[in-house]
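Q: One structure is given below, represented as structure tokens, and several questions about it will come after.
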Amino acid sequence: MIIDTHLHPTNLVDEAWRHTGTPFTGERMLKLMDGPYMINGKPRRIDMGFIQPPPGNTGYRDGNRKGRDGIRDYMAYCAELCQTYPDRFIGNFNYNPRWGPENGAAELEFHVKEYGFKMLKLHANMHGYRPDRALDWLRPAMKKCAELGVVVLIHTGDGPYTIPTMFYPIIREFPMVNFIIGHFGIQTGGNYSFESFWMAMDTPNVYCESGWCFQSRIVEFAQQLPKNKIVFGTDSPPNDPGMWLRELEVLCKDPPHGINLSEDDLEGYLGNNIAKLVGIDPSPPPRDVKDAQARLKDSYAGIDRATGKHLEFA
Numbered sequence: 040m041i042i043d044t045h046l047h048p049t050n051l052v053d054e055a056w057r058h059t060g061t062p063f064t065g066e067r068m069l070k071l072m073d074g075p076y077m078i079n080g081k082p083r084r085i086d087m088g089f090i091q092p093p094p095g096n097t098g099y100r101d102g103n104r105k106g107r108d109g110i111r112d113y114m115a116y117c118a119e120l121c122q123t124y125p126d127r128f129i130g131n132f133n134y135n136p137r138w139g140p141e142n143g144a145a146e147l148e149f150h151v152k153e154y155g156f157k158m159l160k161l162h163a164n165m166h167g168y169r170p171d172r173a174l175d176w177l178r179p180a181m182k183k184c185a186e187l188g189v190v191v192l193i194h195t196g197d198g199p200y201t202i203p204t205m206f207y208p209i210i211r212e213f214p215m216v217n218f219i220i221g222h223f224g225i226q227t228g229g230n231y232s233f234e235s236f237w238m239a240m241d242t243p244n245v246y247c248e249s250g251w252c253f254q255s256r257i258v259e260f261a262q263q264l265p266k267n268k269i270v271f272g273t274d275s276p277p278n279d280p281g282m283w284l285r286e287l288e289v290l291c292k293d294p295p296h297g298i299n300l301s302e303d304d305l306e307g308y309l310g311n312n313i314a315k316l317v318g319i320d321p322s323p324p325p326r327d328v329k330d331a332q333a334r335l336k337d338s339y340a341g342i343d344r345a346t347g348k349h350l351e352f353a
């Protein structure tokens, strides 16, 4: 299956990205995930995705409840979606230490045990702290991640607070926790992809998320990184998943655009690597076009919502 580590459905307008002023709901997200997307000539969908609220909507605003109540409020829609579509959505807890580090750790545990969340997101820029200096703000949640087996996804790629190596102190302090460098160190204000690459090369518990990285750098990094070190993530919306799927698919091509990657190894990047990190059974890629079509026809992705009929693929 294909698993996206980085999705932001919302029932409110995203205060950072806006999305033309219309909430990008869970149902819109499912339609985006369903595609179908052509990968090596086979129709595919994004089978599952880790969902979190837009980080711009996780800060305090006048009228909000405070403490654990406020955290539960901003996580409520994602928790609801995980219950409504448990076969499609996996919860990612957006941790803002400014609501109280201990409150956040307690709510993380609640969301893991109550709703099956398997990931935690850090966004030091949106929440305004230096991760290398605010270790006391991060430790309570990291201890819970170690205890509960939760993977940590880190927003990186722009200053002042999300340069990848700024997270090295907390990463080294918690070697039993797996950390994913979101955006491969690339965002609006910088390109720290080489920094991210060497962190993943040198540190057993560090992985890199493919989305936002330049295609030519993905080719270069995939040649050297262990095959389990890259996971698929799109940051959708505002991104379209198809471009990031293509960025990984091209690895199966001949050099210089690809590295003659096998379809089994591609499936690792597309979903099996993150599946293994969070305890989901990995799956093989479709054997051929007919197998891929059959999988879609047996799934939510293979149904035309307007007619209720199965889609046909050429």
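Be aware that the sequence shown starts at 40, since it is given in this note's numbering, and climbs by one per residue.
Note that beta-carbon positions come from the ideal geometry of N, C-alpha and C, so glycine has one too.
#1: Under DSSP, the beta strand (DSSP E) around R83 begins and ends at which residues?
#2: Of the choices I269, P277 and H166, whose alpha-carbon is the least far from that of R100?
#3: Using 10 angstroms around the beta-carbon of G224, count the other beta-carbons present and answer buried if the total reaches 16, otherwise exposed.
#4: Skipping 5 residues on each side, what residues in its chain have a beta carbon closer than 7 Å to that of L187?
#5: So for E54, helix, strand or coil by DSSP?
#6: Indicate whether at least one CB of chain C lies closer than 8 Å to the CB of C247.
#7: Looking only at its own chain, which residues have a Cβ that is under 8 Å from the Cβ of R67, when we skip the five neighbours before and after it?
#8: Who are the Cβ neighbours of G106 in its own chain at under 7 Å, not counting the five residues just before and after it?
#9: Hey, is the stretch 226-234 in contact with the stretch 201-210, meaning 3+ C-beta pairs nearer than 8 Å?
#10: With which residues is F132 paired in a DSSP beta bridge?
#11: Taking C184 and V216 to be in contact with their CB atoms under 8 Å, please state how far apart those CB atoms are, rounded to whole angstroms.
#12: Go ahead and pull the three-state DSSP assignment for D43.
#13: Using 10 angstroms around the beta-carbon of G228, count the other beta-carbons present and answer buried if the total reaches 16, otherwise exposed.
#14: Just curious, the alpha helix (DSSP H) that M240 is in, first and last residue?
#15: Looking at the secondary structure, which residues open and close the beta strand (DSSP E) in which I78 lies?
#16: DSSP three-state call for V289: helix, strand or coil?
#17: So what does Q262 bridge to, in DSSP terms?
#18: Closer than 8 Å by C-beta to N299: which residues in its own chain qualify, once you throw out the five before and the five after it? Chain order, please.
#19: Would you check if there are 3 or more beta carbon pairs closer than 8 Å linking the stretch 305-319 to the stretch 265-280?
#20: Using only CA atoms, which one of L51, I219, F213 and V189 lies nearest to G196?
#21: Report the residue from N79, L316 and R127 whose alpha carbon sits nearest the alpha carbon of N244.
#22: Please list the segments of the beta strand (DSSP E) lying wholly inside the stretch 179-215, counting only runs of 3 or more residues, in order along the chain.
#23: Just verifying my parser: in three-state terms, what is the DSSP assignment at Y246?
#24: Assuming M240 and Q263 make a contact with CB atoms under 8 Å, what is their CB distance in whole Å?
#25: Provide the residue span of the beta strand (DSSP E) that contains G88, from first to last.
#26: Report the CB separation of M158 from V190 in whole angstroms; it is logged as a contact under 8 Å.
#27: If I measure Cβ to Cβ from A144 and keep anything under 6 Å in the same chain, skipping five residues before and after, which residues do I get?
#28: Would you check if the stretch 44-61 and the stretch 73-80 touch, i.e. whether three or more CB-CB distances between them fall below 8 Å?
#29: Can you tell me the Cβ-Cβ gap for P92 and M114, rounded? I've got them flagged as a contact below 8 Å.
#30: For F149, report the span of its alpha helix (DSSP H) as first-last.
A: Working from what's here:
#1: In the sequence shown, the residue the question calls residue 83 occupies position 44. Unbroken beta strand (DSSP E) run through R83: K81 to R83.
#2: Along the sequence shown, one-based indexing puts residue 100 at 61. Closest option to R100, Cα to Cα, is H166.
#3: As a working note, residue 224 is residue 185 in the sequence shown. Classification for G224: buried.
#4: Taking the sequence shown and counting its residues from 1, the one referred to as residue 187 is at position 148. Correct list, in chain order: E148 and V151.
#5: Here residue 54 corresponds to residue number 15 of the sequence shown, with the count starting at 1. Correct three-state label for E54: coil.
#6: The question asks about chain C, but that chain is absent: this structure has only one protein chain.
#7: What you label residue 67 is simply residue 28 of the sequence shown in a count that begins at 1. Excluding positions up to five away in sequence, the list reads P48.
#8: Reading the sequence shown from its first residue, position 67 is the one you call residue 106. If we look at G106 and ignore the five residues flanking it on each side, its Cβ neighbours are W138, G139 and N142.
#9: yes
#10: The sequence position of residue 132 within the sequence shown is 93, counting from 1. Partner(s): L159.
#11: For the purposes of this step, residue 184 is taken as residue 145 along the sequence shown, with counting starting at 1. For the purposes of this step, residue 216 is taken as residue 177 along the sequence shown, with counting starting at 1. Confirmed, about 5 Å.
#12: By 1-based counting over the sequence shown, the position of residue 43 is 4. D43: strand per DSSP, three-state reduction.
#13: Position 189 of the sequence shown holds residue 228. Exposed.
#14: Here the question's residue 240 lines up with position 201 in the sequence shown. First-last of the alpha helix (DSSP H) with M240: S232 to D241.
#15: Position 39 of the sequence shown, counting from 1, holds the residue named residue 78. Taken as a continuous stretch (DSSP letters only), the beta strand (DSSP E) holding I78 covers Y76 to I78.
#16: Here residue 289 corresponds to residue number 250 of the sequence shown, with the count starting at 1. Residue state, collapsed to three classes: helix.
#17: The count along the sequence shown starts at 1 and reaches residue 262 at position 223. According to DSSP, Q262 bridges with nothing at all.
#18: Position 260 of the sequence shown holds residue 299. The residues are C291, K292 and D293.
#19: yes
#20: Against the sequence shown, residue 196 aligns to sequence position 157. Of the candidates L51, I219, F213 and V189, the one whose C-alpha sits nearest the C-alpha of G196 is I219.
#21: Along the sequence shown, read from residue 1 onward, the residue named residue 244 stands at position 205. For N244, the nearest C-alpha among the options comes from L316.
#22: 190-193
#23: Here residue 246 corresponds to residue number 207 of the sequence shown, with the count starting at 1. Strand, per DSSP.
#24: Here residue 240 refers to the residue found at position 201 when the sequence shown is read from its first residue. Here residue 263 refers to the residue found at position 224 when the sequence shown is read from its first residue. Their Cβ separation, rounded to whole angstroms, is 7 Å, which keeps M240 and Q263 in contact under 8 Å.
#25: Within the sequence shown, numbered from 1, the residue matching residue 88 stands at position 49. Its beta strand (DSSP E) spans residues M87 to I90.
#26: Mapped onto the sequence shown, residue 158 falls at position 119. Mapped onto the sequence shown, residue 190 falls at position 151. Contact holds; Cβ gap of about 5 Å.
#27: Numbered from its first residue, the sequence shown carries residue 144 at position 105. So the qualifying residues of the chain are P179, A180 and K183.
#28: no
#29: On the sequence shown, residue 92 is found 53 positions in, with the first residue counted as 1. On the sequence shown, residue 114 is found 75 positions in, with the first residue counted as 1. About 7 Å; that satisfies the 8 Å criterion.
#30: Locating residue 149 in the sequence shown gives position 110, counting from the first residue. Segment P140 to Y154, the alpha helix (DSSP H) holding F149.
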